[in-house]
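Before any comments, here is the structure.
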Amino acid sequence: LLPNIDWVGAIDWNVRDFHSYDTAHGATYNSYLVRDDANALIDAVKAPFFARFYRQTTELAPPESIRYLVCNHAEPDHSSALPLAVSAFPNAQIVVNKKCRDTLIRYYGGEAWNWRLVQTGDSISLGKRTLTFIETPMVHWPDSMMTYVPEDGLLFSMDAFGQHFAGTARFDDEADPGVIMGEAKTYYANIVAPHGKAVQRTLAKAGGLKLNLIATSHGVIWRRGVQAILSAYGDWAAHRMAPKVAVFYDSMWDSTGKIAEAVINGASVKGVETVLLHVRHNNLTRVATEFLDTAAFAFGSASLNNLPMPQAAAALVYLRGMNLPEKTGFAFGSYGWGGRGAPEYVEEQMKLAGWKISRPILKCPYLPTGDTLAEAEEAGKALAGIALQADREKRESK
Ligand code: FEO
């Protein structure tokens, strides 16, 4: 990617399930070789890809010449090849912060590995280039760290700014920018979103750096879009929302579906983006991505054994985990002879998530009447008003 800095990572073209994240475009596990007076590898790969990582590295530098193996993050998609790498590069110090070392020891043993502990502000001179370390806890794990090369304005940013995107393009300007930014948003929603405050602290640290390239651990390297991805992360981390209404639901005999459509019809006013997702016909990755920047939403489910439909319950749990309490919405759904069921459960979950409840539960026995559907349209229109207000507040906050 620069003279004497090469990508030696792996492309996982066909992975479609990354611990429940639906990776529609596959994934990469990026690793970089910096050749200088002393050679350094920045991150390893997932264990099944070790042979490729080793071959690419040793085609450029003999194994004995690798002096440093930086591990910016202990999660196994980057560290599971480390035990093999430690043996393969016998002269390498394993450069980590203390939390990362402790986590790696839990995973792989490794008490006797040749550790070199670093913390924020520490540097290692390779010769012409320097590696400077910045701890970024909770982006993505407590052990997460970035490595900066000041001579090039190059940030090895670990998971941050990444995208699950398999391809031979190494830079953002070599790929479809819409796809790349879409995958970056999906990645943020499904991996990074719960840690918005930590992202803001990281952005504050990165803001003081000259940044020409952001080399993430997943997907393409940001070159043309450095400012665009920093700005997008700023919006997402600050929970700045779009003028958007989303309706998520699961239905049994389409009663809840009819209410869902009436809500979205009511929300379809000028200036408001609308999204309607049946959570059983869409994966949770998509649901979370749409939820990330929606200002207002409704969540509905038919009642099954006095509880929500299973995938509705799963979606609620997943959305709660995103830790985005600024959302406003309401619960809706249908029920049968029990008189009480899914909508109450949905509202309880919404309250537990900290989401503001915009109106009482909208529910019906068996089949919605014309009055219920009219009320649903009105409720949708009210959500549109909330979304437009959130958009005005976003503009004022910028
Ligand atoms: Fe790509 Fe948090 O690991």
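The opening position of the sequence shown corresponds to residue 186 in my numbering, with each subsequent residue numbered one higher.
Using N, Cα and C, we set each Cβ at its ideal position, and we do this for glycine too.
The structure displayed is predicted, hence computed values, not measured ones.
Next on the checklist: Excluding the 5 residues flanking residue 410 on each side, which residues of the same chain have their C-beta closer than 8 Å to its C-beta?
Outcome noted: 357, 358, 362, 365, 366
Checklist entry - Do three or more CB pairs link the segment 286-293 to the segment 312-325 at distances below 8 Å? => result no
Item to check | beta-carbon residue 192 near ligand 1 non-hydrogen atom, thresh 7 Å | outcome: no
Item to check | Secondary structure of residue 241, DSSP reduced to three states | outcome: helix
Checklist entry - Does any heavy atom of ligand 1 sit closer than 7 Å to the C-beta of residue 205? => result no
Next on the checklist: Can you list, in chain order, the residues of its chain with a C-beta nearer than 7 Å to that of residue 265? Leave out the 5 residues immediately preceding and following it.
Outcome noted: 231, 232
Checklist entry - Which residues mark the beginning and the end of the beta strand (DSSP E) in which residue 224 is found? => result 224-227
Item to check | Option nearest residue 342 by Cα separation, candidates 207, 464, 407 | outcome: 407
Next on the checklist: With H, G and I counted as helix, E and B as strand and the rest as coil, what does DSSP make of residue 550?
Outcome noted: strand
Checklist entry - What's the gap between the Cα of residue 434 and the Cα of residue 237? => result 44 Å
Checklist entry - Mapping DSSP to helix, strand and coil, what is residue 476? => result helix
Checklist entry - What number of angstroms, rounded off, separates the C-alpha of residue 360 from the C-alpha of residue 350? => result 10 Å
Item to check | residue 304 burial status per 10 Å Cβ neighbour count (16 or more: buried) | outcome: exposed
Checklist entry - Between residue 401 and residue 354, what straight-line distance do the alpha-carbon atoms span, to the nearest angstrom? => result 14 Å
Next on the checklist: Can you look up residue 371 in the DSSP assignment and give me helix, strand or coil?
Outcome noted: helix
Checklist entry - Taking the C-alpha atoms as reference points, what is the distance between residue 383 and residue 376? => result 13 Å
Item to check | Inter-residue spacing [alpha-carbon to alpha-carbon] between residue 456 and residue 481 | outcome: 14 Å
Next on the checklist: Once DSSP output is grouped into helix, strand and coil, what is the label at residue 208?
Outcome noted: coil
Item to check | residue 283 (DSSP reduced to helix, strand or coil) | outcome: helix
Item to check | Cβ-based neighbour list, residue 254, same chain, cut-off 8 Å, excluding 5 preceding and 5 following | outcome: 225, 226, 229, 267, 270, 271, 274, 277, 278, 279, 280
Checklist entry - Should residue 252 go down as buried or exposed, given a rule of 16 or more other Cβ atoms within 10 Å for buried? => result buried
Checklist entry - Are the segment 537-555 and the segment 507-522 touching by the rule of at least three beta carbon pairs closer than 8 Å? => result yes
Next on the checklist: Report the CB separation of residue 507 from residue 327 in whole angstroms; it is logged as a contact under 8 Å.
Outcome noted: In fact, because the Cβ distance is near 19 Å, the residues do not count as touching under 8 Å.
Checklist entry - Nearest to residue 515 by CA position, among 491, 561, 210, 323, is which residue? => result 561
Checklist entry - Relative to the alpha-carbon of residue 502, which residue among 212, 535, 479 has its alpha-carbon at the smallest distance? => result 535
Checklist entry - Under 8 Å between the Cβ atoms of residue 245 and residue 220? => result yes
Checklist entry - Got a sec? Which residues, its chain only, sit under 7 Å from residue 239 by beta carbon, not counting five neighbours each side? => result 273
Checklist entry - Where does residue 321 sit, in a helix, a strand or coil, going by DSSP? => result coil
Next on the checklist: Buried or exposed, going by whether 16 or more other CB atoms sit within 10 Å of the CB of residue 204?
Outcome noted: exposed
Item to check | Residues bridged to residue 493 [DSSP beta-bridge criterion] | outcome: 488
Item to check | Per DSSP, cross-strand counterpart(s) of residue 295 | outcome: Looking at the DSSP assignment, residue 295 forms no beta bridge with any residue, so it has no partner.
Checklist entry - So residue 197 is in the beta strand (DSSP E); what residue range does that whole segment cover? => result 195-197
Checklist entry - Does at least one heavy atom of ligand 1 sit under 7 Å from the Cβ of residue 440? => result no
Next on the checklist: Nearer than 7 Å: is that true of the beta carbon of residue 258 relative to any heavy atom of ligand 2?
Outcome noted: With respect to ligand 2, the structure shown offers nothing to examine, as its ligands consist of ligand 1.
Next on the checklist: I'd like to confirm something about residue 344: is its beta-carbon nearer than 7 Å to some heavy atom of ligand 1, or not?
Outcome noted: yes
Checklist entry - For residue 556, which three-state DSSP category applies? => result helix
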